[in-house]
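Take a look at the structure below.
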Amino acid sequence: MDTCPVVQAVSEIYGGNIYEDEECTARVIKIGGNDVVFDDASFYIMSKKMEYARLAVNPSLEILSNRYQLMHKASNYESLYKHIISQVFDKKYLYNQFIRLINLIGDIGELIVTKCNHAARSGHAINVSLPNIDLLPTVDVLIVEDPLILHQTINNIIDFITKINVNSLCKLPGNLHVDKIQPFAAPGLDMSTTIALGNPKTEEEYLGAIKSLVDHEIIVATYVREVESYHINAINTINKIFAKCDELITRLGAF
C-alpha cells in the first residue's frame, strides 16, 4: 500500500465516492434553465485533504507553524459549521433562487391588486383572497444555515401559493398545487462538540495538531454536504413554484 500522503489523499477522495456517489444525478440542479452541478461541499472536503497531504509530504517547521496559525480554529462544531457554511454556500444558488421567488410573489400581489382595481372600476364582481405569508426576519440568511427553517419556509410559501383565490379574475387550468418538501432527515451533529487546541512546537506535533483540526473540519463538512443535498431538494421545489407563479401571472395578464 502506498504511504505517500498525497497518493493516500487522492485514494480517499476517489475511493470514498465523494463525487460519483449513488446520488450524483440528484446533485445537478436547474438554474436559469441551465444544469448546474451542486457539490461544493465535496470540493471543500477534497481541498482540506489535499492541503494536509501536501504539508505531510515535506514538513517544514516554519511552514507548518504558519499554516497552523492561519487555520480556522473553531472552539466547537457550531462555530465550525457556520464557518464552513459561509465558505461552501456563500449566498449562491439557494439564496439567489429564494430572493428571486420572493420578488416574484411580490409581483403577483401587485398584479392581483391592479386587476382587482380594474375589475372594480368596470363593475365586475370580485371574489379574490390573498392569504398572509409569515416569514422570519433575515429568513434569506437563515434558510441557508438551518435546514429546519428552510423546510418550514418553503412549505409556508407553498401554502400561500396554493391558497390564492383569483377565480373572479381568471381561470387556472388545474390548480396551483406543489408537493411540500419533507423534513431534513440527515443524522444529527452535536454542535456543542468541543475542539481541543494544543500548543505544538515540533514538526510532528504541528502535523498532529493540523491533522486533528482537518479531521474535525471533514466531519462537519460531511454534515454540510447533507445540508447541501437538502438545498437541492428545496431548489427543485422552488423551480416548481416558479412554474406555478409564471402560470398564474400569465393568466392574470390575459384578464
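Using the working numbering, the first residue of the sequence shown is number 25, and each one after it goes up by one.
Think of the CB as a built atom: it goes at the ideal place given N, C-alpha and C, for glycine as much as any other residue.
Judged by DSSP secondary structure, D214 falls outside any beta strand (DSSP E); it is assigned neither H nor E. Boundaries of the alpha helix (DSSP H) around I234: E227 to G277.
By the beta-carbon neighbour count (other beta carbons within 10 angstroms, threshold 16), S66 is buried. Distances from the CA of L88 to each of L160, C140, K235 and P161 were compared; the closest alpha carbon is that of K235. Two segments are said to touch when three or more pairs of C-beta atoms, one from each, lie closer than 8 Å; by this definition the region 67 to 87 touches the region 229 to 243. Distance from the Cα of L166 is smallest, within the candidate group I259, E86 and L118, for L118. F62 is positioned such that its CB atom lies closer than 8 Å to that of I256.
Separation of the CB atoms of I136 and V190 is rounded to 6 Å, and the pair is thereby assigned contact status at 8 Å. Between L200 and Y254, the gap from beta carbon to beta carbon reaches 8 Å or more. Approximately 6 Å separates the beta-carbon atoms of L193 and L276; this is inside 8 Å, confirming the contact.
Within the model, the alpha-carbon separation for D214 versus Y68 is close to 21 Å. Exclusion of the five residues before and after A98 leaves L104, H107 and I219 as the residues of its chain whose Cβ lies within less than 7 Å of its Cβ.
Approximately 6 Å separates the beta-carbon atoms of I178 and T261; this is inside 8 Å, confirming the contact.
Sequence-distant partners of E250 (beyond 5 residues in either direction) whose C-beta falls short of 6 Å from its own C-beta, in its chain, are A210.
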